[in-house]
Structure formats: C-alpha cells, structure tokens
C-alpha cells in the first residue's frame with residue numbers, strides 16, 4: 001500500500017516541479033525583457049546567466065562526485081573543450097581572419113551561418129544549438145578516451161589523474177602548432193554570444209540573452225535528474241556506497257563508471273560552451289584547476305549528492321561573489337566605509353572563510369542529500385500525520 | 001651536443017632537488033593520513049611571501065629563521081584547524097577541506113599582495129653567480145641537490161632511529177592499532193606536518209632565489225609536480241619521492257630546452273613549441289605510472305578488504 005501511495009506522491013511532485021520550472025522560466029523571460037542594462041537590478045541578469053553556467057557545471061560534477069562516488073577533478077578541462085568547440089564552430093567567416101591574427105584559420109565555416117543560409121533566421125538558432133551539442137559530444141569523446149585508463153584508479157589517485165588530464169588538455173590547446181584550429185594561446189572571440197540573442201516577432205524585439213543560457217541549463221539539469229532517478233542512477237549510487245557489494249549485485253562497474261564519467265563530461269562541455277557564450281571570449285588559460293576547485297566548493301556548499309543543492313549552491317556562490325559582496329572590494333559594505341580594509345580581494349577572503357566554515361562545521365551543506373521536492377513531501381506527510 | 005644538454009640537466013637536477021623537498025611533505029602526510037594535502041604547495045608559496053616581507057624590514061640572519069618558524073607554525077595550525085576536526089569524517093571531506101584551505105590561502109595572499117609580483121630578496125652567497133663546467137649559473141643551482149640529499153639522509157635517520165620516527169612508521173602502517181598501542185597519534189601527525197612544512201620552507205628559499213618573484217599562484221604548480229613526484233616514487237616512501245622529484249625535474253628541464261637541443265642537433269629546423277608541454281609532461285608521466293604501476297616505483301601493494 002505504502003509503495004503505491006509513494007509513487008502517486010512522487011508523480012504529483014514531479015508534475016509540481018515541472019510547473020515550478022515553467023514558472024521560473026517565465027519569470028526569467030519577463031526579467032529579460034524588462035531589465036535594461038542601465039537598471040540597478042541588471043546585476044540580477046548577470047547572476048542568472050553566470051549562475052546557470054555554474055549550476056550546470058556543478059550538477060554535472062555532482063553526478064560524478066556525489067552520485068557515483070568518483071572523485072574527479074578534471075572538470076575545467078572538459079569545460080575548456082566545450083568552450084573551444086563552441087567558439088571555433090560559431091565564429092562568423094567574416095571575423096575569422098581578425099580572430100586568427102597570427103595563424104591561417106583551418107576551419108572556415110560556422111554552424112549558425114551555414115544553417116541560416118539554408119533555413120533563414122531559424123537556422124542561426126539551430127546552428128548555435130548544434131554547436132552546443134557538439135561541444136558536449138567532444139568533451140564526452142575525450143572523457144571516454146581518458147576514462148579508459150583512468151577509471152580503474154581509486155579515490156585520490158583518480159582525483160590527481162583527472163586533474164593531470166585537465167592540465168594536459170590545457171597545454172595542448174595552447175600549443176602553437178595547433179594555432180590554426182585553437183588560435184594558440186590567444187583568445188577566441190567574435191562568436192555567437194548571449195548578448196546578441198534576440199528574437200524578432202513582427203515589430204517587437206524579444207531579448208533572450210538571459211533566457212537562452214537559463215533554458216539550456218534547465219533542460220540539461222532535467223535530463224540529469226531523469227538519469228539519476230533511473231535504474232542507472234540507482235546503480236551509480238550503489239557504486240558510491242559500496243563498490244564490492246555493487247559488483248556482487250551484478251552491476252558492471254567499468255560500464256557504469258564510464259557512463260557516469262562521459263555523461264558528466266558531456267554536460268561539463270555544454271556548460272563550457274555556455275560559459276563561452278556568456279563571457280563572449282574563450283581562452284585556455286582561464287580554465288585552470290582553480291576553476292574545478294570553485295565548482296567543487298559550490299557542490300559542497302549545496303550538499304554533495306543533492307542536485308537542487310548544487311543549483312542553489314552555485315547561484316548563491318555567483319550572487320555572493322558577483323553582486324552581494326561586491327562592496328567588500330570597493331570600499332563600502334553595509335554602509336561601513338573602510339577603504340583600507342575593503343580593498344581588492346577582500347571579498348574572496350571573506351568568501352573562502354565562509355566556505356571553510358561550511359566545510360568544517362556544516363559538512364552536509366545546505367541541502368545534505370535531500371532535494372527540494374523531498375522537503376515538500378516531508379511537510380505533506382507531517383500535515384497528514386497531524387490530521388490523523 | 002653534450003654542451004647543449006648539460007645546462008638543462010644541471011638546472012633540472014636543481015629543480016628536482018627543490019621538488020624533492022616539497023614532495024617529502026606530501027608523501028609523509030599521505031603515508032600517515034591518506035590525504036593529499038592540497039594546501040602544501042600554498043604553504044610553500046606563503047613561505048616565499050613571508051621572506052619577501054620580512055627581508056624588507058629586518059636583517060636576513062633574523063628573517064630566515066623567523067620565516068622558517070612561522071611557516072612551520074602555519075603548517076601546524078592548518079592541521080589543527082582544518083584536518084583534525086575531520087579525523088573521523090570520510091576521506092573525501094578531508095580532501096575537500098584541503099582544497100578549501102588552499103583556496104583560502106591563495107585568496108588571502110591575493111588580498112595582501114594585491115596580486116602583484118613580489119620580488120624575492122637576493123640571499124647573499126647562495127644567489128651569487130658561479131661558473132661550473134664552462135656554464136654560468138647561480139650558486140643555489142649547485143647547492144640544492146647536495147643540501148636536499150643531506151636533509152633527506154637526516155630525515156631517514158630520524159625516522160629509522162628515533163622514538164618519534166618509530167611512532168610515525170607505526171601510524172602509517174596502521175592508524176587504529178598504533179592508537180591501541182599507546183601512540184599519541186595527534187602528536188605524531190603534528191610532527192609530520194612540522195617536518196613537512198620545514199622542508200617546504202627550506203625548499204622555497206632555494207626555489208624562489210632562481211625565479212623573478214612570488215605571486216599567489218606560485219605554489220600551485222610546484223605543489224602539484226611535487227605530489228606527482230611522490231606518487232611516481234611510490235607514495236609513503238621518502239627515497240621514492242626524492243628519486244621521483246629528480247626524474248621529474250630533469251625531464252621537465254630537458255623538455256623546456258628540447259626545441260633548442262633538437263635544432264642544434266639538426267633533427268628539426270624550426271621551433272616546435274615543446275616548452276608548452278613542460279608542465280603537462282609531468283602529468284603524462286603520472287598517468288603512465290598510475291596505469292602501469294599504480295603503487296609507484298617503491299610503493300607497497302595494498303589490497304582491498306571487504
């Protein structure tokens with residue numbers, strides 16, 4: 001009896017969450033139209049854009065670290081592959097020669113252009129989408145190659161090997177011999193970026209610069225949630241809890257670890273592509289291991305093993321570092337004016353102290369292993385119990 | 001031919017010695033706590049920064065010992081504050097705490113220095129220029145390998161012939177049993193961190209003398225490389241870490257000069273840009289070792305108990 005009730009409840013909550021997601025998307029769409037760059041609240045849009053990039057990165061890392069128990073630190077490398085793939089395939093051919101100043105560009109077409117030649121304006125959007133998916137696929141492909149030797153390793157050895165791979169990827173992308181493709185150590189720019197995303201319906205121009213990254217992140221995260229709740233997800237969790245027992249239950253360790261690793265890297269690649277389109281540049285030297293550490297800290301902040309936790313954690317992280325704590329860097333914070341103390345870098349110090357406090361004293365993070373929908377379910381159960 | 005390679009080999013041996021001093025800190029901590037102390041490289045950077053600030057305000061014969069004492073204190077405090085409360089926590093939490101400490105130290109250094117490059121003070125005698133085998137270099141390049149070997153021999157003597165050394169060996173063999181045998185593991189762990197950071201502080205003096213300056217991220221790469229050296233030699237083994245560090249130092253230095261060497265040799269005619277891979281090579285080596293001999297050159301084989 002209980003199980004039937006549970007599954008009914010779960011169905012209800014999944015419809016409920018879907019509704020919440022749609023409402024959230026509608027709000028983002030509304031904000032996108034109504035907040036102009038001159039507005040004081042424009043920061044909110046920046047936070048939503050960057051936050052959705054990091055949210056997807058954090059959720060994909062959580063899939064690996066929190067759900068499968070594979071402590072991997074190669075995320076920045078896969079994001080780099082994603083960012084570069086996206087950038088290379090969306091630079092318009094007219095801008096190629098200025099971008100590749102010192103090299104003879106090898107790739108001379110861009111998806112948005114090719115598709116828009118065939119299909120008109122809708123082709124541009126399709127081209128961007130294709131480039132984003134290709135970014136994910138490239139990252140997943142490299143992850144597959146890397147995973148073959150590396151996934152046999154255990155805990156900290158795996159962490160250090162994946163960290164090493166991220167460094168190797170970074171060096172390869174900066175190699176001058178690959179300049180015709182990657183532009184060497186110079187940055188890539190002028191590709192399709194979010195600030196240019198607009199939709200023209202009749203006379204009205206709809207701004208989509210925040211809506212698009214939020215939408216991509218939302219769809220990707222929903223896919224990850226579906227995966228985690230499937231039989232694969234349960235297999236991942238059992239590997240995390242006890243590898244030997246999982247193997248004894250008939251779970252193919254190598255196969256499931258590889259699935260988790262490639263899927264996680266696919267979405268890391270997508271988030272890398274999003275990062276490129278939000279920041280409107282892509283440069284290999286930005287994707288250092290420090291980036292992986294930051295994403296890991298977002299996951300920890302939200303709670304390892306909770307997807308909604310990772311999302312909340314990364315939005316909080318981005319909002320605090322980009323917006324709320326800005327004053328700590330520029331002299332005045334909460335009305336206190338102390339330019340001697342509140343100078344460049346103080347924000348990050350305060351921030352890292354907060355993170356250390358979370359790591360040491362609130363090890364479960366904000367959500368622990370719970371999801372937002374769990375909280376609602378608990379409350380309903382309690383309400384029912386009280387009624388009886 | 002030999003004349004083109006020799007300078008790279010010599011500077012490689014020197015860099016290897018500096019990595020060795022850092023690697024010992026990693027390998028000892030890992031041997032006892034099974035923890036990659038990600039903050040170790042940053043402690044090394046802090047030692048460099050402290051030297052910069054103190055040399056500006058006091059004579060060197062006070063600044064150097066004080067710098068070493070403060071660095072050791074920092075290492076001790078990191079263990080006390082960030083690792084000890086998590087002793088019973090899963091290993092992943094401790095590792096995350098280590099990453100958090102590294103993030104905190106780097107940000108703190110960024111705040112204090114303003115992100116600017118701080119010039120490392122010239123230490124008399126060791127930064128003098130000397131000529132060896134017909135090539136000019138600073139004296140520190142020549143001293144480093146010898147100093148490293150002396151320190152390592154002293155350390156091995158300490159571990160094999162003193163009471164605290166015996167306790168360290170016992171704790172690294174089995175954490176719980178040694179506790180039951182009456183070993184105060186907290187003291188042993190503190191001693192490990194003190195020795196590790198002391199060597200890192202000495203290493204930082206040798207390392208930064210050869211470099212233009214210190215920035216908040218200076219510690220990250222040497223730290224990672226030293227860790228790779230420790231894994232390469234078999235983590236937990238001190239001679240292994242030292243040999244691994246020398247191999248990595250020499251290989252890295254040769255790769256930095258590979259373009260020049262090959263051009264002189266006539267194999268290639270233009271720059272290929274191998275120097276880009278001098279950092280990445282370390283990790284290639286790491287992955288090869290981990291795949292073919294996961295316990296490193298001198299590591300012990302461990303089996304999983306169910």
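Protein chains in written order, with the numbering used here: chain S, 1 to 388; chain A, 1 to 306.
All residues carry an ideal CB built from backbone N, CA and C; glycine is no exception.
DSSP three-state label for residue 218 of chain A, please. Within the second chain, the letter at position 218 stands for residue 218 of chain A. Residue state, collapsed to three classes: coil.
Option nearest residue 159 of chain A by Cα separation, candidates A/67, A/144, A/188: Counted from its first residue, the second chain places residue 159 of chain A at position 159. Considering only alpha carbons, the answer is A/188.
I'd like the span of the alpha helix (DSSP H) that includes residue 85 of chain S, first residue to last. Taking the first chain and counting its residues from 1, the one referred to as residue 85 of chain S is at position 85. Run containing residue 85 of chain S: 75 to 90, per the alpha helix (DSSP H) assignment.
If you run the structure through DSSP and keep just helix, strand and coil, what is residue 3 of chain S? Counting from 1 along the first chain, the entry for residue 3 of chain S is found at position 3. Unreliable positioning characterises residue 3 of chain S in this predicted model, as indicated by a pLDDT of 49, which lies under 50. A coordinate reading is not provided.
Evaluate the contact criterion for the stretch 283 to 295 of chain A versus the stretch 40 to 56 of chain A: three or more CB pairs, one atom per stretch, below 8 Å. no
Rounded to whole angstroms, what's the CA-CA distance from residue 133 of chain S to residue 318 of chain S? Just pull it up for me. Working through the first chain from its first residue, we reach residue 133 of chain S at position 133. Working through the first chain from its first residue, we reach residue 318 of chain S at position 318. Residue 133 of chain S and residue 318 of chain S: Cα-Cα distance of roughly 25 Å.
Close beta carbons around residue 273 of chain A, own chain, < 8 Å, minus the five adjacent residues each side: Translated into the one-based positions of the second chain, residue 273 of chain A becomes position 273. 259, listed in sequence order.
With distances taken between CB atoms, is the gap from residue 406 of chain S to residue 267 of chain S smaller than 8 Å? Past the edges of chain S, shown from 1 to 388, lies residue 406 of chain S, and the structure says nothing about it.
Let me know the alpha helix (DSSP H) ranges lying completely inside the stretch 24 to 75 of chain A, each 4 residues or longer, listed in chain order. 40 to 57
Distance, residue 4 of chain A Cα to residue 261 of chain A Cα: As a first step, residue 261 of chain A is located in the second chain; it is residue number 261 there, counting from the start. As a first step, residue 4 of chain A is located in the second chain; it is residue number 4 there, counting from the start. One C-alpha to the other measures close to 6 Å.
Residue 137 of chain A lies in the beta strand (DSSP E); which residues open and close that run? The sequence position of residue 137 of chain A within the second chain is 137, counting from 1. Its beta strand (DSSP E) spans residues 135 to 138.
On a Cα-Cα basis, can you pick out the residue from S/210, S/252, S/272, S/219 that is closest to residue 37 of chain S? Residue numbering aside, residue 37 of chain S sits at position 37 when the first chain is read from its first letter. It is S/210 whose Cα lies nearest to the Cα of residue 37 of chain S.
Since residue 44 of chain A and residue 219 of chain A should fall inside the 8 Å C-beta cutoff, what is the C-beta to C-beta distance between them, to a whole number of angstroms? Working through the second chain from its first residue, we reach residue 44 of chain A at position 44. Working through the second chain from its first residue, we reach residue 219 of chain A at position 219. Confirmed, about 5 Å.
Contained alpha helix (DSSP H) runs [length at least 4] in the stretch 266 to 311 of chain S, N- to C-terminal order: 289 to 302
Name the chain S residues that come within less than 8 Å of residue 108 of chain A, Cβ to Cβ? Sequence index remark: in the second chain, residue 108 of chain A carries index 108 (1-based). The contacting residues are 349, 352.
Quick check on DSSP: helix, strand or coil for residue 267 of chain A? Walking along the second chain from the start, residue 267 of chain A turns up at place 267. In this structure, residue 267 of chain A counts as coil in the three-state DSSP scheme.
Contacts of residue 393 of chain S in chain A (Cβ-Cβ under 9 Å): There is simply no residue 393 of chain S to check, as chain S begins at 1 and stops at 388 in what is shown.
Close beta carbons around residue 29 of chain S, own chain, < 7 Å, minus the five adjacent residues each side: As a first step, residue 29 of chain S must be located in the first chain, where it is residue number 29. Around residue 29 of chain S: 211.
Buried or exposed: where does residue 213 of chain S fall if 16 or more other Cβ atoms within 10 Å of its Cβ makes it buried? For the purposes of this step, residue 213 of chain S is identified with residue 213 of the first chain, where counting begins at 1. Buried.
Residue 130 of chain A, enclosing beta strand (DSSP E) - first and last residue: Walking along the second chain from the start, residue 130 of chain A turns up at place 130. 129 to 132 is the extent of the beta strand (DSSP E) around residue 130 of chain A.
Let's see if you can read the secondary structure: which residues bound the beta strand (DSSP E) around residue 206 of chain S? Against the first chain, residue 206 of chain S aligns to sequence position 206. 204 to 207 is the span of the beta strand (DSSP E), which, as asked, contains residue 206 of chain S.
Simplified DSSP assignment, three categories, for residue 188 of chain S: Residue mapping note: residue 188 of chain S aligns to position 188 of the first chain, counting from 1. Strand, per DSSP.
Under the assumption that residue 92 of chain A contacts residue 71 of chain S (Cβ atoms under 8 Å), give the Cβ distance between them as a whole number of angstroms. Looking up residue 92 of chain A in the second chain gives position 92. Looking up residue 71 of chain S in the first chain gives position 71. Sure, about 6 Å apart at Cβ, within 8 Å.
Stretch pair the stretch 19 to 33 of chain A + the stretch 241 to 250 of chain A: three plus CB contacts closer than 8 Å: yes
Closer than 7 Å by C-beta to residue 50 of chain S: which residues in its own chain qualify, once you throw out the five before and the five after it? Chain order, please. The sequence position of residue 50 of chain S within the first chain is 50, counting from 1. Around residue 50 of chain S: 278, 318, 322.
Taking Cβ-Cβ distances shorter than 7 Å, what residues in chain S pair up with residue 92 of chain A? Taking the first residue of the second chain as position 1, residue 92 of chain A is located at position 92. Chain S residues near residue 92 of chain A: 71.
With DSSP run on the structure shown, which of helix, strand or coil describes residue 310 of chain A? Absent from the structure is residue 310 of chain A, since the part of chain A shown begins at 1 and ends at 306.
Kindly indicate if chain A contains any beta-carbon less than 8 Å away from that of residue 298 of chain S. For the purposes of this step, residue 298 of chain S is identified with residue 298 of the first chain, where counting begins at 1. It does not: the Cβ of residue 298 of chain S has no partner Cβ on chain A nearer than 8 Å.
Nearest-angstrom beta carbon gap, residue 120 of chain A and residue 209 of chain A [assumed within contact, 8 Å]: If you number the second chain from 1, residue 209 of chain A lands on position 209. If you number the second chain from 1, residue 120 of chain A lands on position 120. Rounded, the Cβ-Cβ distance is 6 Å, consistent with contact.
Whose CA, out of A/18, A/286, A/113, lies closest to the CA of residue 146 of chain A? Taking the first residue of the second chain as position 1, residue 146 of chain A is located at position 146. The residue with the shortest Cα to Cα distance from residue 146 of chain A is A/18.
Measuring CB atoms only, is the stretch 71 to 79 of chain A touching the stretch 128 to 143 of chain A, in the sense that at least three cross pairs come out at less than 8 Å? no
Who pairs with residue 316 of chain A in a beta bridge, going by DSSP? Nothing about residue 316 of chain A can be reported from this structure: the residues present for chain A run from 1 to 306 only.
How about residue 63 of chain S and residue 260 of chain S: do their beta carbons lie closer than 8 Å? In the first chain, residue 63 of chain S corresponds to position 63, counting from 1. In the first chain, residue 260 of chain S corresponds to position 260, counting from 1. Yes. Within cutoff.
Since residue 168 of chain S meets chain A, which of its residues come closer than 7 Å, beta carbon to beta carbon? Against the first chain, residue 168 of chain S aligns to sequence position 168. Result: 280, 283, 284.
Output yes if chain A places a C-beta closer than 8 Å to the C-beta of residue 60 of chain S; else output no. Taking the first residue of the first chain as position 1, residue 60 of chain S is located at position 60. For residue 60 of chain S, the answer is no, since every Cβ of chain A falls outside 8 Å of its Cβ.
Looking at the C-beta of residue 290 of chain A, does it have a partner C-beta in chain S at a distance below 8 Å? Within the second chain, numbered from 1, the residue matching residue 290 of chain A stands at position 290. Closer than 8 Å: yes.
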